[in-house]
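Novice:
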Ligand SMILES: Nc1ncnc2c1ncn2[C@@H]1O[C@H](COP(=O)(O)OP(=O)(O)O)[C@@H](O)[C@H]1O
Ligand SMILES: [Mg+2]
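Residue numbers (the UniProt record's numbering): 1 to 356.
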């Protein structure tokens, strides 16, 4: 229910108009009386006052009846569209206030429409990107299946290889869909963090172990910068941070050089924060790309001939997760030298007490 529309009257218009009417008419009358040598000041003043009062009352009543009624209808109509923006304003017949109010209303609406347009653009973009990402692996699967159906299935030498490749492409499809699912949840704010205290050193080690085979293929070493014999307890969503570490490490392998090294360091930042750095000596990222790096689907190498297909969502997910924690992510990179991605985490309260 909208609040009843209050009214605020303006008497200025009627007042001024009555003054003009009374003044002009009285002056004309006074002039006529004077030219007939009948000038009587009492008559002039009484006429002026009477004219003023009657004009004022008549004008005010008519303004209230007609203009005010019409304006109120406009308010009511507008209120139908947007019951939350206007009802707190009093209806006014004061044109200046009214103009200001309507301008404000129009401006608010424009902002709203602009936001919706941007969102719509975003949605279109997203859908376009999604279908584009899914197309490549889908066509790969289809290609292998069709080749098999066309007779390759009888060829002992290739059938296993083709099935294996089709399966790989399906893996990639699943991987993309999982990333899409995660980023959608992150973007609609649907994702609740399940924070707990855990040892970040142990988690990093387990991600190293999981990615060891992948790194070995490129002869890349995954290592800590120094030994960390003591646990470092942080308070965060363990699963999500594992995802962050995985995405950053997978990138360092994907965009790393053969026989390269990826190092992770965990340092105290301020009393209740640590900073985790993931440093590689890979291909690096040209400075122009850095500002857009964390956008979803953004890739430095936009060409179709990407050597290693990711979803382009890895860093977008990383940023969302870190920001959902209320923490920050940083990147520094130099072409041909390497990249460093770092993020902050909250220390577990027991860890802070231990150190004191
Ligand atoms: N460690 C890195 N070294 C060089 N380039 C990187 C690194 N990490 C990310 N990038 C660049 O940032 C882009 C976006 O990364 P990401 O969001 O993980 O998408 P994806 O890995 O799926 O392409 C990558 O395409 C790559 O060009
Ligand atoms: Mg990636």
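Where a beta carbon is used, it is the ideal one built from N, C-alpha and C, also for glycine.
Who's in the neighbourhood of ligand 2, going by beta-carbon under 6 Å from any heavy atom, listed in chain order?
Specialist: 247, 250, 251, 310, 314
Novice: By how many angstroms is the C-alpha of residue 172 removed from the C-alpha of residue 126?
Specialist: Roughly 19 Å separates the two Cα atoms.
Novice: Can we count residue 301 as close to ligand 1, meaning its CB is less than 8 Å from some heavy atom?
Specialist: yes
Novice: Say the cut is 8 Å; is the CB of residue 132 nearer than that to a heavy atom of ligand 1?
Specialist: no
Novice: So if DSSP puts residue 237 in a beta bridge, which residue, or which two residues, is it bridged to?
Specialist: 195
Novice: Under the criterion of a Cβ to heavy atom distance below 8 Å, does residue 316 qualify as lining ligand 1?
Specialist: Yes, the Cβ of residue 316 comes within 8 Å of a heavy atom of ligand 1.
Novice: Please state the DSSP three-state secondary structure of residue 280.
Specialist: Residue state, collapsed to three classes: strand.
Novice: Tell me the rounded alpha-carbon separation between residue 160 and residue 170.
Specialist: 15 Å
Novice: Any heavy atom of ligand 1 closer than 8 Å to the beta-carbon of residue 122?
Specialist: Checking every heavy atom of ligand 1 against the Cβ of residue 122, none is found closer than 8 Å.
Novice: In chain order, what residues of the same chain have a beta carbon less than 8 Å from the beta carbon of residue 30, not counting five sequence neighbours either side?
Specialist: 39, 44
Novice: Alpha carbons only, please: which of 21, 347, 143, 74 is nearest the one belonging to residue 270?
Specialist: 347
Novice: Which residues does DSSP pair with residue 332 in a beta bridge?
Specialist: 340
Novice: With the cut-off set at 9 Å, would you say residue 59 and residue 10 are in Cβ contact?
Specialist: No, Cβ-Cβ distance for residue 59 and residue 10 is not below 9 Å.
Novice: Which residues does DSSP pair with residue 182 in a beta bridge?
Specialist: Partner(s): none; residue 182 has no beta bridge.
Novice: Out of 24, 311, 52, point me to the one whose CA is closest to residue 182's CA.
Specialist: 311
Novice: Compute every distance between the C-beta of residue 333 and the non-hydrogen atoms of ligand 1, then say whether any falls below 8 Å.
Specialist: yes
Novice: So residue 250 packs on residue 314, CB below 8 Å; how close in whole Å?
Specialist: By a beta-carbon distance limit of 8 Å, residue 250 contacts residue 314. Their separation comes to about 7 Å.
Novice: Got a sec? Which residues, its chain only, sit under 8 Å from residue 77 by beta carbon, not counting five neighbours each side?
Specialist: none
Novice: Taking Cβ positions, are residue 223 and residue 260 nearer each other than 9 Å?
Specialist: no
Novice: Which same chain residues, not among the five before or five after residue 130, have their C-beta less than 8 Å away from its C-beta?
Specialist: 180
Novice: What three-state label does DSSP hand residue 350 in the structure shown?
Specialist: Secondary structure at residue 350: helix, using DSSP grouped into helix, strand and coil.
Novice: Using the three-state DSSP reduction, which class does residue 15 fall into: helix, strand or coil?
Specialist: helix
Novice: Does ligand 1 have even one heavy atom less than 8 Å from the beta-carbon of residue 289?
Specialist: yes
Novice: Does DSSP classify residue 265 as helix, strand or coil?
Specialist: strand
Novice: Give a single yes or no on whether residue 283 has its beta carbon closer than 8 Å to a heavy atom of ligand 1.
Specialist: Yes, the Cβ of residue 283 comes within 8 Å of a heavy atom of ligand 1.
Novice: Can you give the beta carbon distance from residue 342 to residue 277, rounded, assuming they're within the 8 Å contact cut?
Specialist: 4 Å
Novice: Pick out whichever of 291, 242, 225, 280 has its Cα sitting closest to the Cα of residue 318.
Specialist: 242
Novice: Kindly indicate which three-state DSSP category residue 20 falls into: helix, strand or coil?
Specialist: helix
Novice: Rounded C-beta distance between residue 193 and residue 238? I'm assuming under 8 Å.
Specialist: Contact flag wrong, Cβ pair sits at about 10 Å.
Novice: I'd like the list of long-range same chain contacts for residue 305, defined as Cβ closer than 8 Å, with 5 residues on each side in sequence excluded.
Specialist: A caution first: residue 305 carries a pLDDT of 47, below 50, which makes its placement in the model too unreliable to give a value.
Novice: For residue 274, which three-state DSSP category applies?
Specialist: strand
Novice: In chain order, what residues of the same chain lie with their CB nearer than 6 Å to the CB of residue 214, ignoring the 5 residues before and after it?
Specialist: Result list for residue 214: 253, in chain order.
Novice: Three-state secondary structure (DSSP) at residue 224?
Specialist: strand
Novice: Counting along the chain, where does the alpha helix (DSSP H) carrying residue 43 start and finish?
Specialist: Annotation for residue 43: the continuous alpha helix (DSSP H) segment containing it runs 41-62.
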